[in-house]
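Notes for the one structure printed next.
2 protein chains.
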Amino acid sequence: MFDYRIERTDGLARTGRMELPHGTVATPCFMPVGTQGTVKTLTPAELADLGAEIVVGNTYHLYLRPGHRRVHAAGGISRFMAWDRPVLTDSGGYQVYSLAALSRVTDEGALFQSHLDGSRHLFTPELVVEVQHALGSDIAMCLDECPPYPVSRPNAETAQGRTTLWARRCRAAQSAETNLFGIVQGATYLDLRRRSAVELVELGFAGYALGGLCLGEPSELTREIVAEVAALLPADRPRYLMGAGYPEDIIAAVERGVDMFDCVLPTRNGRTGTAFTSTGRVVIRNAKYADDFTPLDEACDCYACRTFTRAYLRHLFIAGESLGPRLLTLHNVRFFLNLMATIRQAIARGEFLHRARAFLSKYRSAEPAEEP
Amino acid sequence: MFDYRIERTDGLARTGRMELPHGTVATPCFMPVGTQGTVKTLTPAELADLGAEIVVGNTYHLYLRPGHRRVHAAGGISRFMAWDRPVLTDSGGYQVYSLAALSRVTDEGALFQSHLDGSRHLFTPELVVEVQHALGSDIAMCLDECPPYPVSRPNAETAQGRTTLWARRCRAAQSAETNLFGIVQGATYLDLRRRSAVELVELGFAGYALGGLCLGEPSELTREIVAEVAALLPADRPRYLMGAGYPEDIIAAVERGVDMFDCVLPTRNGRTGTAFTSTGRVVIRNAKYADDFTPLDEACDCYACRTFTRAYLRHLFIAGESLGPRLLTLHNVRFFLNLMATIRQAIARGEFLHRARAFLSKYRSAEPAEEP
Chain A
2 MFDYRIERTD GLARTGRMEL PHGTVATPCF MPVGTQGTVK TLTPAELADL
52 GAEIVVGNTY HLYLRPGHRR VHAAGGISRF MAWDRPVLTD SGGYQVYSLA
102 ALSRVTDEGA LFQSHLDGSR HLFTPELVVE VQHALGSDIA MCLDECPPYP
152 VSRPNAETAQ GRTTLWARRC RAAQSAETNL FGIVQGATYL DLRRRSAVEL
202 VELGFAGYAL GGLCLGEPSE LTREIVAEVA ALLPADRPRY LMGAGYPEDI
252 IAAVERGVDM FDCVLPTRNG RTGTAFTSTG RVVIRNAKYA DDFTPLDEAC
302 DCYACRTFTR AYLRHLFIAG ESLGPRLLTL HNVRFFLNLM ATIRQAIARG
352 EFLHRARAFL SKYRSAEPAE EP
Chain B
2 MFDYRIERTD GLARTGRMEL PHGTVATPCF MPVGTQGTVK TLTPAELADL
52 GAEIVVGNTY HLYLRPGHRR VHAAGGISRF MAWDRPVLTD SGGYQVYSLA
102 ALSRVTDEGA LFQSHLDGSR HLFTPELVVE VQHALGSDIA MCLDECPPYP
152 VSRPNAETAQ GRTTLWARRC RAAQSAETNL FGIVQGATYL DLRRRSAVEL
202 VELGFAGYAL GGLCLGEPSE LTREIVAEVA ALLPADRPRY LMGAGYPEDI
252 IAAVERGVDM FDCVLPTRNG RTGTAFTSTG RVVIRNAKYA DDFTPLDEAC
302 DCYACRTFTR AYLRHLFIAG ESLGPRLLTL HNVRFFLNLM ATIRQAIARG
352 EFLHRARAFL SKYRSAEPAE EP
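Chains as they are written, first to last, in our numbering: chain A, 2 to 373; chain B, 2 to 373.
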């Protein structure tokens, strides 16, 4: 079950509704990352309260642990993690390259050793589709080859060609009820990106992702590629920029017609003590917050901001108390979900660029010295 | 502000109500431990939902970090941690002996080096009372000398005598609004215990604690000492057995007239993966739970038991996900608070021994092989 309808447009930016087996998602959306079947530190009840409508799981991780058959026996990934809303699973292509000891990538698939126990596995396009089917993902992603940044043109070209080959095999292997997204690759080579987009669109996917970006390349280049690729994708299909997490990057991509985002930034930064606030990033361990009895973000309505002071949150981090990471994660996820709600509202009112500029001007006003 | 009223008795067991500056506490009560101004992994909202009416903070820890003056500036420990109910602070005597590098204990006080930064500090009875006053504790504890188990009689006698000396100085130093509890010491020597109780009762405290127990001595001996000491304490003052955490120990102490309990057991065991359930302890990492899609405890109404399966909870622990420790802590605290509610109800109905036996018979029925 998959239905995507665009509701409003404002320039290239658009709002839409995506109907999935486990529920409806308003776009543009941010999807908190729950790699191992849990958005770190948070309960599903909290995620729902924060306004999350879909989370991201990871095929590589869930395949290795607890195993897709076990998740299937539990009734699928949503049921297993007690999240009664949609889950998108990344194919694990990125993790095979970044986490596992990669033995060999051929057209057949990616042979790797588990980062957990060294066991050997072969990810083929067919297996990755089968695993995601067993997981009961609302949206499954094709296996792709995701080179690092920077990468030589010959290597980028090989990876792009293989990604198309694998996308074709994923498409052939998928069941009727699988909602499969293709992943556009091509590194930072515009012609490869265009070729990838055209080849994938020919295969006809439920939606299209841009992979292999936000890996450290200049943000101007990211934006150029996003604009080029988005223009080649069907207007009536959702577009997903994988791994984009900074508010300014999300806004720039929405402006270019992107509908879906995921990133570990709010959760990972929350755990390490950096909060995203309406006036910029706050590194909560900073000594200047030791006696700051004001909320983390005056403009935020989350439980952490309504309840605790910066001094207390700092104390939790300094004392190594896990409530600290939990509360900053909660706040950061709320911040990103609020940002997306603001974006959707601005688009609906035809004020996207105006509101985006106002947000960024305030967001960039503070704490430049603490930016990492 | 301190008022304690006994409501019902059943043998030596009794229920009561303790009125404190930040609220009312029904006894017998279990006080979750929030050493550093947070009950590890839980929010104050969750604690209140679980039914906690009072938590325990620690003078030693809060004095060192974030500092009692800072907590005072924040409006006291309850306000600082956003817990709008009572807090009892332990004096830190036990921590000085167990955590710090102890330099010298004399009648003057305990000279120690911080476990955090090696800085040198002298805890005197007067300072400990002053620090707890600054923290705004609903109940403050006297500085005591708490020897380990086992300890020689001469050392136990010295510690008991010094504990009385310090109790007298704490009593003299306290302000009118401080609700101060004396701590009975004397190790496992019944005559020293009796002497300690008599000497403290002469000083006249708001309530009386039994310290230096539950340190590994045989539980029969603990019970004997508790019975002897409780009989010497004024019937109309609350009695607090420090550090008793196993359900069977709590029940045995209630039977002997004890009203208050605290222990790190539910929180610490929760974090390390052991759950207390109505049918005994569950070590959730055990492989036999890998495909167990039933709740942690069928008889429990907590969020973890209502929402997740043992298989999922096990997965969280195996995968090192902090939601696991959080959910088992939540459950364990609920289990202990439920146990206390059951005890209070049983006393009120004159069925204490009967209900206690039924509980223990079911509790002890399962999982003997996994008991630590």
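We treat Cβ as the ideally placed atom computed from N, Cα and C, and that holds for glycine.
Minimum C-alpha distance to B/Glu-178 - residue among B/Cys-301, B/Asn-333, B/Asp-91 and B/Asp-139: B/Asp-139
On the premise that A/Gly-208 lies in contact with A/Tyr-247, defined as a C-beta separation below 8 Å, what is that separation, rounded to the nearest angstrom? Incorrect: roughly 23 Å between the Cβ atoms, too far for contact.
May I have a chain-ordered list of the beta strand (DSSP E) segments no shorter than 3 residues that lie completely inside the stretch 147 to 229 of chain B? Under the rule that a run must span 3 or more residues, the beta strand (DSSP E) segments found entirely inside the stretch 147 to 229 of chain B read 181 to 185 and 208 to 211.
Does any CB atom of chain B fall closer than 8 Å to the CB of A/Pro-67? yes
Roughly how many whole angstroms lie between the Cα atoms of A/Leu-144 and A/Val-185? 11 Å
Chain-order list of residues whose beta-carbon lies under 7 Å from that of A/Arg-169 (same chain, five-residue window excluded): Excluding sequence neighbours, A/Arg-169 sits near Leu-204.
Put B/Ser-104 into one of helix, strand or coil per three-state DSSP. strand
By DSSP's criteria, A/Pro-33 is part of a beta bridge. Which residues make up the other side? A/Cys-264
When DSSP labels each residue in this structure, what does B/Glu-372 get in the three-state scheme? Residue placement at B/Glu-372 is poorly supported in this model, since its pLDDT is 44, which falls under 50; the coordinates still yield a value, given next. Coil, per DSSP.
For B/Lys-41, return the contacting residues in chain A, with the cut-off set at a CB-CB distance below 8 Å. Under the 8 Å cutoff, chain A gives Glu-322, Ser-323 and Leu-324.
Length-filtered (4 minimum) alpha helix (DSSP H) runs lying within the stretch 277 to 323 of chain A: Entirely contained in the stretch 277 to 323 of chain A, the alpha helix (DSSP H) runs reaching 4 residues are, in chain order, 304 to 308 and 311 to 319.
Kindly indicate which three-state DSSP category A/Glu-352 falls into: helix, strand or coil? coil
Counting only Cβ pairs nearer than 9 Å, list the residues of chain B close to A/Phe-318. Those do not exist, as A/Phe-318 stays about 11 Å from chain B at its closest Cβ, beyond 9 Å.
Quick check: what's the CA-CA separation for A/Ala-6 versus A/Ser-220? Per the sequence shown, the amino acid found at residue 6 of chain A is Arg instead of Ala. Going from the Cα of A/Arg-6 to the Cα of A/Ser-220 covers about 29 Å.
Give me the chain B residues within the contact set of A/Lys-341, using Cβ-Cβ distance strictly less than 7 Å, ordered along the chain. The residue asked about is misnamed: residue 341 of chain A is Met in this sequence, not Lys. Going along chain B, no residue has its Cβ under 7 Å from A/Met-341, so there is no contact; the nearest lies around 24 Å.
What's the gap between the Cα of B/Glu-352 and the Cα of B/Arg-224? Inter-residue distance for B/Glu-352 and B/Arg-224 is about 21 Å (C-alpha atoms, whole angstroms).
Chain-ordered residues of the stretch 272 to 304 of chain B with a beta carbon less than 9 Å from chain A: Arg-272, Ala-291, Asp-292, Phe-294 and Tyr-304
Tell me which residues share the same chain as A/Leu-214 and place their Cβ nearer than 6 Å to its Cβ, disregarding the 5 neighbours each side in the sequence. Thr-223
Identify the residues that DSSP records as bridge partners of A/Gly-17: which are they? The partner list for A/Gly-17 (beta bridge, DSSP) reads A/Ile-7 and A/Thr-28.
With a 10 Å radius around its C-beta and 16 neighbouring C-beta atoms as the bar for buried, classify B/Lys-41 as buried or exposed. buried
Short CB-CB distance (under 8 Å) between A/Met-32 and chain B: no
Out of curiosity, what's the CA-to-CA distance linking B/Val-26 and B/Arg-18? 6 Å
Between which two residues does the beta strand (DSSP E) carrying B/Arg-121 extend? 121 to 124
Taking 8 Å as the cut-off, decide whether the C-beta atoms of A/Thr-36 and A/Val-129 are in contact. no
Taking the alpha helix (DSSP H) that B/Arg-71 falls in, what are its first and last residues? 69 to 74
Identify the contact partners of B/Thr-308 in chain A, using a Cβ-Cβ distance below 8 Å as the criterion. By Cβ distance, chain A contributes Thr-44, Pro-45, Ala-46 and Ala-83.
May I ask which residues mark the beginning and end of the beta strand (DSSP E) holding A/Val-56? 56 to 59
What does a CB cutoff of less than 8 Å around B/Thr-343 pick up in its chain, not counting 5 residues either side in sequence? Arg-356 and Phe-360
With DSSP collapsed to three states, give me the class of A/Val-334. helix
Boundaries (first-last residue) of the beta strand (DSSP E) holding B/Val-88: 88 to 91
For A/Arg-80, report the span of its beta strand (DSSP E) as first-last. Here A/Arg-80 belongs to no beta strand (DSSP E); instead the alpha helix (DSSP H) covers 78 to 81.
Continuous alpha helix (DSSP H) stretch holding A/Tyr-247: start and end: Per DSSP, A/Tyr-247 belongs to no alpha helix (DSSP H) and is neither H nor E.
Between the Cα of B/Ile-78 and those of A/Tyr-313, A/Ile-348, A/Ala-14 and A/Arg-105, spot the shortest distance and give me the residue it belongs to. A/Tyr-313
Given a cut-off of 8 Å, decide if A/Gly-325 and A/Phe-318 are closer than it, judged by their beta-carbon atoms. yes
Apart from the five residues just before and just after A/Val-199, which ones in its own chain have a Cβ nearer than 8 Å to its Cβ? Leu-233
Can you round the beta-carbon distance between A/Met-32 and A/Leu-89 to whole angstroms, since I take them to be within the 8 Å contact cut? 6 Å
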